[in-house]
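Protein chains: 2
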Amino acid sequence: MFQESQRDAWLQRYGEEPPPDLAPVEAFLRHRSVRRYDDRPVPEGTIAALVACAQSAATSSYAQAWTLVSVQDSEKRAVVANLCGDQKQVLTAPWFFCVCIDLYRSHALGEKSGVIPDAVGTAEALMVTAVDASLAAERMVCAAEAIGLGACYIGALRNKPQELAELLDFPPGVFGIFGLCLGYPSEADTRAVIKPRLPQPIVWHREKYQREPDVSAFDARMEEFYPRIGMDTSTTWSARQARRFSLGYLQGRETLDERLREMGFLTD
Amino acid sequence: MFQESQRDAWLQRYGEEPPPDLAPVEAFLRHRSVRRYDDRPVPEGTIAALVACAQSAATSSYAQAWTLVSVQDSEKRAVVANLCGDQKQVLTAPWFFCVCIDLYRSHALGEKSGVIPDAVGTAEALMVTAVDASLAAERMVCAAEAIGLGACYIGALRNKPQELAELLDFPPGVFGIFGLCLGYPSEADTRAVIKPRLPQPIVWHREKYQREPDVSAFDARMEEFYPRIGMDTSTTWSARQARRFSLGYLQGRETLDERLREMGFLTD
């Protein structure tokens with residue numbers, strides 16, 4: 000029974016049979032972004048448990064340099080949703096978190112203890128805090144899914160970082176890197192499905208990088224899949240993913256480097 | 000029994016009793032960095048399962064712009080370990096992955112399909128790929144821990160990014176953001192313990208950012224904890240975390256912004 004269910008999840012990811020000796024990891028294969036929620040409230044004790052999971056993630060050199068800001072006030076939530084390109088799930092999620100990298104706290108605590116962290120403006124400081132905040136958030140999401148919740152990340156939290164900082168009183172050195180919606184999934188949401196992924200050999204290379212990615216089978220698979228989630232097939236996955244990294248797509252985020260500098264990052 | 004065990008994990012994180020209505024998330028609270036491994040091999044099928052978990056993480060706009068390069072060849076592994084400041088676990092881990100953000104593939108596939116991703120040099124492209132690679136890795140780590148494996152992230156993979164790129168034949172646009180060691184934990188490793196974390200109110204703020212972090216109780220708790228993992232107590236956690244973001248600490252990473260530019264990032 001369990002094997003059958005894991006086989007099903009694998010098939011949805013890769014469109015082919017799993018290897019015979021697959022380890023039992025099904026729960027982690029079943030992620031899907033959940034953008035519609037039912038009315039069942041998520042109690043504080045559940046969120047406290049999930050924050051503990053987030054904090055239990057690895058943190059480079061034990062720095063713990065990230066902060067979650069939950070926004071539950073409905074008027075404030077509406078402003079945040081607007082800053083995130085009016086994505087409806089930001090408005091409707093039972094819980095919404097701004098996941099922030101936080102070099103302000105590091106600086107404040109350092110000053111008090113006589114150690115000035117003079118490298119907070121380096122790319123390294125930005126990278127390591129971005130990594131740590133992301134590890135924390137994903138452990139929180141894995142735990143949330145394990146107890147029946149659904150989640151959706153909101154990259155559009157980076158659209159207008161300074162407006163967000165003003166709204167939530169972020170000091171310099173605090174940057175909202177992404178949002179996180181949490182709630183019990185609505186059964187009515189037929190688009191919240193397990194989506195295909197690239198074949199493993201495209202993303203898992205051995206001993207050295209392989210420079211000739213052939214994703215034609217995946218593009219073909221996606222041409223079949225897109226209509227299932229209401230998307231047209233006039234553009235291949237290959238073209239769509241490239242568009243994600245095109246200036247015309249970035250909705251203000253093309254100037255993120257300037258914004259980051261104004262907020263105290265990347266200044267060295 | 001289960002409740003008791005989860006209470007124990009919570010106590011080790013926060014040094015105080017859990018709330019009475021805590022959700023059952025114990026497995027995710029028990030993370031610890033595992034740097035010593037036993038001889039039990041980790042079969043390919045297990046790794047394939049874990050890579051599928053990594054791929055099942057959310058990916059912004061479906062871009063899937065990261066790549067894992069496993070390094071199993073012992074001579075090559077020794078060079079990687081040396082580039083990572085000679086951390087022993089890089090040498091001894093049954094599996095080692097370079098987790099890479101990958102804008103090369105995006106560019107190569109875009110070119111083929113007639114869409115040039117002209118924003119790969121933006122801070123946004125760097126941030127979103129760093130986030131996605133980290134989400135993938137942490138889902139892989141959560142799954143690994145669920146089936147009895149242990150993991151250790153290696154931030155020092157960023158120490159000498161160009162030497163690493165040359166060794167593993169990375170094209171421009173591929174950057175090894177951190178390493179990941181995987182293996183069955185050695186029972187003999189008494190330092191692989193659940194480590195304390197900051198009290199929740201320090202990292203979880205409500206409705207707005209709280210600017211006055213008081214970590215004196217945590218500093219005191221750490222003064223008791225440090226000797227348990229063989230560290231001296233002459234420096235507080237507050238001072239140690241600030242040192243993490245000091246130029247003297249960064250082991251070459253203080254020039255990461257220049258290295259990233261040379262590798263095709265942050266050029267816009």
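Line by line, the protein sequences are chains A and B. Residues 0 to 267 (numbering that gives the first Met the number 0) make up the first sequence, in order. Residues 0 to 267 (numbering that gives the first Met the number 0) make up the second sequence, in order. Glycine included, each C-beta is placed from N, C-alpha and C at the ideal position. Note that this is a predicted model, so its numbers are computed, not measured.
**Item:** For A:F27, the first and last residue of its enclosing alpha helix (DSSP H)
**Value:** 25-28
**Request:** Taking A:D72 as the query, report the chain B residues whose CB atoms sit under 7 Å from its CB, ordered along the chain.
**Result:** E206
**Item:** Bridge partner(s) assigned by DSSP for B:P184
**Value:** B:Y36
**Asked** For chain B, is any of its Cβ atoms less than 9 Å away from the one on A:W203?
**Response** yes
**Request:** Provide the residue span of the alpha helix (DSSP H) that contains A:D131, from first to last.
**Result:** 122-145
**Asked** Can you pull the DSSP bridge partners for B:L67?
**Response** A:W203, B:V98
**Residues of the stretch 157-179 of chain B whose Cβ lies closer than 7 Å to any Cβ of chain A, in chain order** = R157, L167, D168, F169, P170, V173, I176, F177
**Asked** What are the boundary residues of the alpha helix (DSSP H) that includes A:I46?
**Response** 43-55
**Request:** State the start and end residues of the unbroken alpha helix (DSSP H) segment that holds A:Y103.
**Result:** 103-111
**Asked** Mind listing which residues of the stretch 56-67 of chain B have their C-beta closer than 8 Å to chain A's C-betas, in chain order?
**Response** A56, A57, S59, S60, Y61, A62, Q63, A64, W65, T66, L67
**Asked** From A:Y248 to A:R242, what distance separates their C-alpha atoms?
**Response** 7 Å
**Asked** Does any C-beta atom of chain B lie closer than 9 Å to the C-beta of A:Q54?
**Response** yes
**Message:** Between A:R196, A:E223, A:D85, which has its C-alpha nearest A:L156's C-alpha?
**Reply:** A:D85
**Prompt:** Got a sec: does the ligand ADP put a non-hydrogen atom nearer than 8 Å to the Cβ of B:G44?
**Reply:** Of the ligands one can find in the structure shown there are none, so the ligand ADP has no counterpart to examine.
**Neighbour-count burial assignment, B:M262, 16 or more Cβ in a 10 Å radius** = buried
**Request:** Give a yes or no on whether 9 Å exceeds the smallest Cβ distance from A:W9 to chain B.
**Result:** yes
**Request:** Return the residue from the list B:I46, B:Q161, B:D188, B:R39 that minimises the CA-CA distance to B:V173.
**Result:** B:Q161
**Message:** Tell me the DSSP secondary structure of A:F224 in three-state form.
**Reply:** helix
**Request:** Specify whether the stretch 92-101 of chain A and the stretch 128-138 of chain A touch according to this definition: at least 3 beta carbon pairs, one from each stretch, less than 8 Å apart.
**Result:** yes
**Message:** To the nearest angstrom, how far is the alpha carbon of A:T58 from that of A:A80?
**Reply:** 29 Å
**Request:** Mark A:D256 as exposed unless 16 or more other C-beta atoms lie within 10 angstroms of its C-beta, in which case mark it buried.
**Result:** buried
**Prompt:** How is the beta strand (DSSP E) around B:A150 delimited, first residue to last?
**Reply:** 149-153
**Request:** Excluding the 5 residues preceding and the 5 following A:C52 in the sequence, name in chain order all residues of the same chain whose CB lies nearer than 6 Å to its CB.
**Result:** R138, M139, A142
**Prompt:** In chain order, what residues of the stretch 105-123 of chain B put their CB closer than 9 Å to some CB of chain A?
**Reply:** S105, H106, A107, L108, G109, E110, K111, S112, G113, V114, I115, P116, D117, A118, V119, T121, A122, E123
**Request:** Taking a Cβ distance cut-off of 7 Å, strictly less, list which residues of the stretch 17-33 of chain A are near chain B, in chain order.
**Result:** P18, D20, L21, A22, P23, V24, F27, L28, H30, S32
**Request:** Report all residues from its chain with a CB closer than 8 Å to the CB of B:L259; omit the five preceding and five following residues, and keep chain order.
**Result:** L125, P160, F174, L265
**Item:** CB contact below 9 Å: A:M262 versus chain B
**Value:** no
**Request:** Report the rounded CA-to-CA distance for A:T254 versus B:E74, giving the unit in angstroms.
**Result:** 43 Å
**Request:** Go through its chain and collect everything with a Cβ distance to B:E186's Cβ below 8 Å, but skip five positions before and after it.
**Result:** D37
**Item:** C-alpha gap between B:G182 and B:E25, whole angstroms
**Value:** 21 Å
**Message:** What residue range does the alpha helix (DSSP H) around A:P160 cover?
**Reply:** 160-166
**Asked** Name the chain B residues whose beta carbon is nearer than 8 Å to that of A:F212?
**Response** The amino acid occupying residue 212 of chain A in the given sequence is Pro; Phe does not appear at that position. Residues of chain B passing the Cβ test: R104, A107, L108.
**Prompt:** Relative to the C-alpha of A:R153, which residue among A:F177, A:P170, A:A48 is closest?
**Reply:** The amino acid at residue 153 of chain A is misidentified as Arg; the sequence shows Ile. Ranking A:F177, A:P170, A:A48 by Cα distance to A:I153 puts A:F177 first.
**Request:** Find out if the Cβ-Cβ distance for the pair B:Y208, A:L179 is shorter than 9 Å.
**Result:** no
**Message:** List, in chain order, every chain A residue whose beta-carbon is nearer than 9 Å to that of B:V78.
**Reply:** Correct list: empty, because the minimum Cβ distance to chain A is about 12 Å.
**Endpoints, the alpha helix (DSSP H) within which B:D256 is located** = 255-261
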